[in-house]
Structure formats: structure tokens, C-alpha cells
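Below: the structure, in C-alpha cells.
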Amino acid sequence: MLIRYKKNLEKIAMGLLSFMPEEKDVKKLQQTIKEYETNPDWHLYLWKDEDILGAIGLRIEDGINAVIQHISVNPSHRNAGIGKKMVNEVNRLYNDKFAVCADDVTQQFYNKCDENEDE
Ligand SMILES: CC(C)(COP(=O)(O)OP(=O)(O)OC[C@H]1O[C@@H](n2cnc3c(N)ncnc32)[C@H](O)[C@@H]1OP(=O)(O)O)[C@@H](O)C(=O)NCCC(=O)NCCS
């Protein structure tokens, strides 16, 4: 299930976000996590089964768009549908009030999740 990020989950969240191509640099990663903690328009969630296995983050833009900007899954648990489940949950949570979309980095995977919906 998707749970909201809290400060006590900072280490695990940073570990997961560090798999994103743009977040390899520790300073950049610290700025990103701080933004999620302080900016009311930035929302970070974690995927929890027995352990925390994934992270998905988005920003609300102009009060209209919910832009998915981070998606990451623990490498030992990839290709098991967690990424897609997180995208589906964010769609479900935000679809009512916002137009859910993806940024350049997450676009390809986001589209892939959509394709699978039609299968
Ligand atoms: C991208 C990522 C989140 C996918 O998570 P996951 O739990 O393995 O995804 P799912 O199991 O739901 O889906 C797997 C499918 O997505 C595909 N996929 C993986 N990364 C992809 C990408 N960047 N673009 C498009 N498709 C991708 C896989 O090839 C697989 O395809 P298949 O079902 O046809 O075999 C994971 O690979 C990851 O954490 N990558 C590192 C972080 C990253 O680069 N994020 C930026 C891109 S979102």
C-alpha cells in the first residue's frame, strides 16, 4: 500500500530516490527530500508491503496538474508490478482534483503503465 512520507522514513526514502538518474548526487538528493518535507505542493509516498520497497513523488503545478517526477523501486523487487501499482494509486488519489501527468524523466514509464491498462 501507498503511505505518506514522514521524516522518520528519510533514510529509506533517500535510498530509493537515489536510484533516479537525476538524484545520484547526495547534495541534490538532500535538497529534493527537503523540498518534499517543506513545500506543500510536493508530495512523496512510499510503497509498503512487509518492507518499504518503492517511492513515488509528485508536485502540484498551478493548482491544476499533478506531475509525477520521481518513481523508484528497490532493485531486488523490480518487474513485479510495484512501479505500476504506485502509478495507479497516485492516479486514483489525484485524478478527481488534478490532471495527473509525468515529467520528462518519468514519462516513458508512466506511458508504459497506461499501455498495460488497455491490454
Ligand atoms: C522504473 C521503475 C520504477 C519500474 O519499477 P518496477 O516495479 O520494476 O515496474 P513494474 O514491475 O510495474 O513494470 C515493469 C515494466 O516496466 C518496464 N520499464 C522499466 N523501466 C522503464 C522505463 N524507464 N521506461 C519504460 N518502461 C520501463 C520494464 O521493462 C517492465 O516491462 P515489461 O512488463 O514489458 O517486462 C524501476 O525500474 C526503477 O526504480 N528504476 C530506477 C529509477 C528510475 O530510473 N526512475 C526513472 C524512470 S520512472
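Residue numbering for the sequence shown follows our numbering, starting at -7 and increasing by one per position. Every residue, glycine too, gets a C-beta built ideally from N, C-alpha and C.
DSSP lists Val59 as the beta-bridge partner residues of Cys93. In this structure, the C-beta of Gly75 approaches ligand 1 to less than 7 Å from one of its heavy atoms.
Contact check for Gly75 against Val65 passes: the beta carbons are separated by less than 8 Å. For the options Glu29, Gln23, Lys16, Phe11, the alpha carbon positioned closest to that of Tyr(-3) is the one of Glu29.
Contact check for Lys40 and Met(-7): beta-carbon distance about 6 Å, within the 8 Å limit, so the pair qualifies. Glu107 carries a helical assignment under DSSP once its states are collapsed to helix, strand and coil.
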